[in-house]
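First comes the structure, then the notes that go with it.
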Amino acid sequence: MRSAAVIVATGVLLSYPLTLVGEDLFVLAAFDRSPDTAAVEHMRQETARIFADTGATLAWRTRTQPGIMPPGAVRVTLQLHGSCRVEPNMLSLAEDGPMGWVESYGGEMLSLIDVDCDRISAMVWQNRGTLPLPLVVRAFGRALGRVLAHELYHYVTQSPAHGASDLFRPVMTSRDLMLPDVRFEPAEIEVLRKALSARGEPLTCRAIS
Ligand SMILES: [Zn+2]
Numbered sequence: 007m008r009s010a011a012v013i014v015a016t017g018v019l020l021s022y023p024l025t026l027v028g029e030d031l032f033v034l035a036a037f038d039r040s041p042d043t044a045a046v047e048h049m050r051q052e053t054a055r056i057f058a059d060t061g062a063t064l065a066w067r068t069r070t071q072p073g074i075m076p077p078g079a080v081r082v083t084l085q086l087h088g089s090c091r092v093e094p095n096m097l098s099l100a101e102d103g104p105m106g107w108v109e110s111y112g113g114e115m116l117s118l119i120d121v122d123c124d125r126i127s128a129m130v131w132q133n134r135g136t137l138p139l140p141l142v143v144r145a146f147g148r149a150l151g152r153v154l155a156h157e158l159y160h161y162v163t164q165s166p167a168h169g170a171s172d173l174f175r176p177v178m179t180s181r182d183l184m185l186p187d188v189r190f191e192p193a194e195i196e197v198l199r200k201a202l203s204a205r206g207e208p209l210t211c212r213a214i215s
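Whatever position you read off the sequence shown (first residue = 1), add 6 for the numbering used here.
So, in structure tokens, the structure goes:
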């Protein structure tokens with residue numbers, strides 16, 4: 007979805023419209039405490055599924071996994087707060103407050119996204135109905151992925167503005183978190199596509215300068 011440029015030995019910049027090979031979005035995830043790996047995998051899959059509508063691919067790595075960051079990708083660091091687990095007999099009650107946010111400094115959104123596992127797990131747990139535990143874990147992972155997708159939208163577009171989809175309204179409810187299928191609306195996808203393309207160009211230039 008982005009074009010890359012190549013540089014030759016003479017230092018002349020050629021603007022061949024090459025297609026970037028690799029990932030468009032790269033998430034480096036860190037956890038306060040050891041998470042439920044199944045929930046984290048559901049989270050990763052859900053965020054990747056949502057962003058697939060934009061044509062963007064998602065790469066994911068935790069801080070304990072070795073590996074390099076793909077060049078040219080839009081990179082964010084994700085901090086998951088609290089306990090990213092669903093435990094039987096959980097007693098916590100969901101409190102009002104943000105489920106996720108993008109850190110900012112001087113009016114600019116930084117590539118640091120925070121997600122509150124405790125608040126989200128409490129919302130999913132309270133609305134689990136008769137779901138068996140493995141499906142509650144899946145719903146929890148998907149909810150985490152939806153909150154991350156919402157915050158990634160803010161970061162990629164560098165805008166606090168919201169849309170009308172279940173994913174990108176100003177306030178996401180437990181219903182939005184647990185719907186079987188949620189997507190960005192076509193207008194939101196178009197804004198995301200343009201923003202991802204625009205963000206890819208300076209990254210590409212920086213990579214070869
Ligand atoms: Zn928002």
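Backbone N, C-alpha and C fix where the C-beta goes; we use that ideal spot for every residue, glycine too.
These numbers were taken from a predicted model, which means no experiment stands behind them.
ask   = Straight-line CA distance for D102 to V121?
value = Counting from 1 along the sequence shown, the entry for residue 102 is found at position 96. Counting from 1 along the sequence shown, the entry for residue 121 is found at position 115. Linking D102 to V121 through their CA atoms gives a straight-line distance of about 14 Å.
task = Name the two residues that bound the continuous beta strand (DSSP E) containing I119.
result = For the purposes of this step, residue 119 is taken as the residue at position 113 of the sequence shown. Element bounds for I119: 114 to 122.
message = Just to confirm, is the Cβ distance from A155 to V130 under 8 Å?
response = Within the sequence shown, the letter at position 149 stands for residue 155. Within the sequence shown, the letter at position 124 stands for residue 130. Not a contact, by the Cβ cut-off of 8 Å.
query = Distance, Cα to Cα, S180 vs N133?
reply = Here residue 180 refers to the residue found at position 174 of the sequence shown. Here residue 133 refers to the residue found at position 127 of the sequence shown. Each residue's alpha carbon lies about 7 Å from the other.
task = Can you give me the Cβ contacts of W66 inside the same chain, cut-off strictly under 6 Å, excluding the 5 residues immediately before and after it?
result = Stepping through the sequence shown from its first residue, residue 66 is reached at position 60. Here the set comprises V33, R50.
message = I'd like the span of the beta strand (DSSP E) that includes Q85, first residue to last.
response = Residue mapping note: residue 85 aligns to position 79 of the sequence shown, counting from 1. Judged by DSSP secondary structure, Q85 falls within the beta strand (DSSP E) whose first and last residues are 80 to 87.
message = For R199 and N95, I'd like the C-alpha separation in whole angstroms.
response = The count along the sequence shown starts at 1 and reaches residue 199 at position 193. The count along the sequence shown starts at 1 and reaches residue 95 at position 89. Whole-angstrom Cα-Cα distance: 42 Å.
ask   = Candidates H168, M184, Q164, E191: which alpha carbon is nearest R152's?
value = Stepping through the sequence shown from its first residue, residue 152 is reached at position 146. Among H168, M184, Q164, E191, the Cα nearest to that of R152 is on M184.
task = Give every residue of the same chain whose Cβ lies closer than 6 Å to the Cβ of L84, excluding the five residues on either side of it in the sequence, and list them in chain order.
result = Working through the sequence shown from its first residue, we reach residue 84 at position 78. Excluding residues within five positions, the ones whose Cβ falls inside 6 Å are V33, A35, I119.
query = Can we say the region 133 to 144 touches the region 158 to 173, given the rule of at least three CB pairs closer than 8 Å?
reply = No contact exists between the region 133 to 144 and the region 158 to 173.
inquiry  = Check for me: the alpha helix (DSSP H) holding S165 runs from which residue to which?
reply    = Walking along the sequence shown from the start, residue 165 turns up at place 159. S165 -> no alpha helix (DSSP H), and no H or E assigned at all.
ask   = Identify the residues that DSSP records as bridge partners of D131: which are they?
value = Sequence index remark: in the sequence shown, residue 131 carries index 125 (1-based). Position check: residue 131 holds Trp in this sequence, whereas Asp was assumed. In the DSSP output, where bridge partners are listed per residue, W131 has none listed.
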